[in-house]
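Trainee: Attaching a single structure in structure tokens format; questions to follow.
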Amino acid sequence: MILLGSTGSIGTNTLEVAQTFNYEVESLCAGKNIALLNQQIHTFKPKNVCIADKADSHKLIAGNYKLFFGESGILDIIEHSKSPLVVNALVGFAGLKPSLKALECGKKLALANKESLVNAGWLFRNANLTPIDSEHFSLWYLSHTRPIAKLYITASGGAFRDYPLDSIPTASIADALKHPNWQMGHKITIDSATMANKLFEILEARWLFDTNAIDAFVESSSTAHALVGLKDGSLTMHLSRPDMKLPIAYALDSTLAPTTPFVPELDPLSLRLEFKPICEKRYPLWALKSEILSTPQKGIVLNASNEVAVNAFLQNKINFGKISELVLKLMEDFVDFDFTSLTDIESISDLDSKVRVKSQEWINTNK
37 MILLGSTGSI GTNTLEVAQT FNYEVESLCA GKNIALLNQQ IHTFKPKNVC
87 IADKADSHKL IAGNYKLFFG ESGILDIIEH SKSPLVVNAL VGFAGLKPSL
137 KALECGKKLA LANKESLVNA GWLFRNANLT PIDSEHFSLW YLSHTRPIAK
187 LYITASGGAF RDYPLDSIPT ASIADALKHP NWQMGHKITI DSATMANKLF
237 EILEARWLFD TNAIDAFVES SSTAHALVGL KDGSLTMHLS RPDMKLPIAY
287 ALDSTLAPTT PFVPELDPLS LRLEFKPICE KRYPLWALKS EILSTPQKGI
337 VLNASNEVAV NAFLQNKINF GKISELVLKL MEDFVDFDFT SLTDIESISD
387 LDSKVRVKSQ EWINTNK
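Residue numbers (our numbering): 37 to 403.
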């Protein structure tokens, strides 16, 4: 397989699953964590390695591999590698072109980069892809072969689900990164705290299951990942311990995964499930749910403004409350944009760039 984003949380979990399945890892692509990448090179002995910055090449251990750099390197690896499977665990808009390249080259895409669907879901219709996401894996697990009435995904509530409301806007970076249930990267942990991540997942579900009948609510233990309402009036739910190796395993090999115990069995008598509505006072971005389902192409504005805002917050340039404020403002600024004009990667990238410029301008005047 080709693994994009090998040193992140999804990437390292994917390599654990690959070892269990005895998969060959033909290519590893990573960013700046060269120390961990070196360990992976030593263990998996890939034929191809790609890093973000050529200046870091001297830090790599020697080996019998071909070295590539940056986005062009990733695209070259996808095009010329023999592996039939691409696992895209890149973060952000940067994952879109590699996703499209994988499908263009006839490869199966195991997709953890949710921004690919958030920004361009309509370009992935009928694609050979499997989502690596606990919620969408659970929806698939529950719904295939049965007529669906409505889909539900759950949210943990993130770092601030029990925080005093008036303290959330000025919460520290350290507090925002304290996710109660999952060990994840900084970006997705902040997105969980603002509920942006759940908006992304709503959009993913819309494209994956071709329905607007999607909702979400808080289930604080992250044990119930998704529910499916069926047309016969019944409701079915998928429960498991919060561990990404389970959806990864099914994305890699749906034949081996059902007989391989990746997570400990749950004791039904120990479960204490409680479902709560998502409060817009605590999570202002949740007010966008109906708007993005109505016009899912607005996911480009949502994603770009959010990426800029989260990056600024993590650099101490704005406080936590400004993330939602910025995103809501940019969604308003682009309300009259002709989203039907977004027909290819060039037009999508152009809008993405415009939103990022306006977002940075907003930050410069609203610090």
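The beta carbon of each residue, even a glycine, is placed where N, CA and C say it ideally should be.
Within its chain, find whatever has a CB closer than 8 Å to the CB of residue 139; leave out the 5 residues flanking it on each side and keep chain order.
Mentor: Sequence index remark: in the sequence shown, residue 139 carries index 103 (1-based). Excluding sequence neighbours, residue 139 sits near 145, 160, 163, 164, 165.
Trainee: In the DSSP assignment, find the beta strand (DSSP E) that holds residue 251 and state where it starts and stops.
Mentor: Translated into the one-based positions of the sequence shown, residue 251 becomes position 215. Residues 250-255.
Trainee: According to DSSP, is residue 319 helix, strand or coil?
Mentor: Position 283 of the sequence shown, counted from the first residue, corresponds to residue 319. Residue 319 falls in the coil class under three-state DSSP.
Trainee: Please state the DSSP three-state secondary structure of residue 84.
Mentor: Reading the sequence shown from its first residue, position 48 is the one you call residue 84. Three-state DSSP puts residue 84 in a strand.
Trainee: Name the two residues that bound the continuous beta strand (DSSP E) containing residue 148.
Mentor: Position 112 of the sequence shown, counted from the start, is the residue given in the question as residue 148. Note, residue 148: premise wrong, no beta strand (DSSP E); not H, not E.
Trainee: Spatial neighbours of residue 197 within its chain, please: CB distance less than 8 Å, with the 5 preceding and 5 following residues excluded, ordered by chain position.
Mentor: Taking the sequence shown and counting its residues from 1, one reaches residue 197 at position 161. Exclusion of the five residues before and after residue 197 leaves 216, 254, 256, 318 as the residues of its chain whose Cβ lies within less than 8 Å of its Cβ.
Trainee: Could you please give the first and the last residue of the uninterrupted beta strand (DSSP E) stretch that includes residue 38?
Mentor: Mapped onto the sequence shown, residue 38 falls at position 2. Its beta strand (DSSP E) spans residues 38-40.
Trainee: Measure the C-alpha to C-alpha separation of residue 353 and residue 398 and round it to an integer number of angstroms.
Mentor: Position 317 of the sequence shown, counted from the first residue, corresponds to residue 353. Position 362 of the sequence shown, counted from the first residue, corresponds to residue 398. If you take the alpha carbons of residue 353 and residue 398, they lie about 12 Å apart.
Trainee: Using the DSSP secondary-structure output, state which residues sit across from residue 273 in a beta bridge.
Mentor: Locating residue 273 in the sequence shown gives position 237, counting from the first residue. 263.
Trainee: Identify which residue in 58, 244, 355, 51 has its Cα closest to the Cα of residue 64.
Mentor: As a first step, residue 64 must be located in the sequence shown, where it is residue number 28. Closest option to residue 64, Cα to Cα, is 51.
Trainee: Quick check on DSSP: helix, strand or coil for residue 230?
Mentor: Translated into the one-based positions of the sequence shown, residue 230 becomes position 194. When secondary structure is reduced to three states using DSSP, residue 230 falls in the helix class.
Trainee: List the DSSP bridge partners of residue 124.
Mentor: For the purposes of this step, residue 124 is taken as residue 88 along the sequence shown, with counting starting at 1. Its beta-bridge partners are 40, 147.
Trainee: What are the partner residues of residue 300, as DSSP defines its beta bridges?
Mentor: The residue labelled residue 300 in the question sits at position 264 within the sequence shown. Note: residue 300 sits in no beta bridge, so no partner.
Trainee: Between the alpha carbons of residue 107 and residue 88, how many angstroms are there, rounded?
Mentor: Looking up residue 107 in the sequence shown gives position 71. Looking up residue 88 in the sequence shown gives position 52. Whole-angstrom Cα-Cα distance: 8 Å.
Trainee: Look up residue 105 in the DSSP assignment and give the residues it is bridged to.
Mentor: One-based indexing of the sequence shown puts residue 105 at position 69. Partner(s): 87.
Trainee: List, from N- to C-terminal side, the alpha helix (DSSP H) runs of 4 residues or more that fit wholly inside the stretch 341-391.
Mentor: 356-369
Trainee: Tell me the DSSP bridge mates of residue 184?
Mentor: The residue labelled residue 184 in the question sits at position 148 within the sequence shown. DSSP output for residue 184 lists 266 as bridge partner(s).
Trainee: Write down the C-beta distance between residue 184 and residue 129 rounded to the nearest angstrom, noting that I regard them as a contact closer than 8 Å.
Mentor: The residue given as residue 184 occupies position 148 in the sequence shown. The residue given as residue 129 occupies position 93 in the sequence shown. At roughly 30 Å, the Cβ-Cβ gap does not stay under 8 Å, so residue 184 and residue 129 are not in contact.
Trainee: If you follow the alpha helix (DSSP H) that residue 175 is in, where does it begin and where does it stop?
Mentor: As a position in the sequence shown, residue 175 is number 139, starting the count at 1. 170-179 is the extent of the alpha helix (DSSP H) around residue 175.
Trainee: Which residue comes first and which comes last in the beta strand (DSSP E) that contains residue 201?
Mentor: As a first step, residue 201 is located in the sequence shown; it is residue number 165 there, counting from the start. Here residue 201 belongs to no beta strand (DSSP E), and DSSP marks it neither H nor E.
Trainee: Let me check understanding here. Comparing Cα to Cα, which of 241, 252, 92 lies closest to residue 168?
Mentor: The residue labelled residue 168 in the question sits at position 132 within the sequence shown. The residue with the shortest Cα to Cα distance from residue 168 is 241.
Trainee: Which one or two residues does DSSP pair with residue 165 in a beta bridge?
Mentor: By one-based count along the sequence shown, residue 165 stands at place 129. As DSSP reads the structure, residue 165 sits in a beta bridge with 145.
Trainee: Kindly confirm or deny that the stretch 197-208 and the stretch 219-227 touch, where touching means at least three C-beta pairs closer than 8 Å.
Mentor: no
Trainee: Could you give the distance in angstroms between the alpha-carbon of residue 41 and the alpha-carbon of residue 232?
Mentor: Taking the sequence shown and counting its residues from 1, one reaches residue 41 at position 5. Taking the sequence shown and counting its residues from 1, one reaches residue 232 at position 196. About 21 Å.
Trainee: Taking the C-alpha atoms as reference points, what is the distance between residue 229 and residue 100?
Mentor: Here residue 229 corresponds to residue number 193 of the sequence shown, with the count starting at 1. Here residue 100 corresponds to residue number 64 of the sequence shown, with the count starting at 1. In this model, residue 229 and residue 100 are separated by some 43 Å (Cα to Cα).
Trainee: Along the beta strand (DSSP E) that carries residue 66, what are the first and last residues, could you check?
Mentor: Sequence index remark: in the sequence shown, residue 66 carries index 30 (1-based). In this chain, the beta strand (DSSP E) harbouring residue 66 covers 63-66.
Trainee: Quick one: what's residue 190 bridged to in DSSP?
Mentor: Translated into the one-based positions of the sequence shown, residue 190 becomes position 154. Partner(s): 253.
Trainee: Which same chain residues end up closer than 7 Å to residue 360 when comparing Cβ atoms and leaving out the 5 residues on each side of it in sequence?
Mentor: In the sequence shown, counting from the first residue as 1, residue 360 sits at position 324. Closer than 7 Å at Cβ, skipping near neighbours: 230, 320, 321.
Trainee: So what does residue 311 bridge to, in DSSP terms?
Mentor: Counting from one through the sequence shown, the residue named residue 311 turns up at place 275. For residue 311, which the question treats as bridged, DSSP gives the partners 255.
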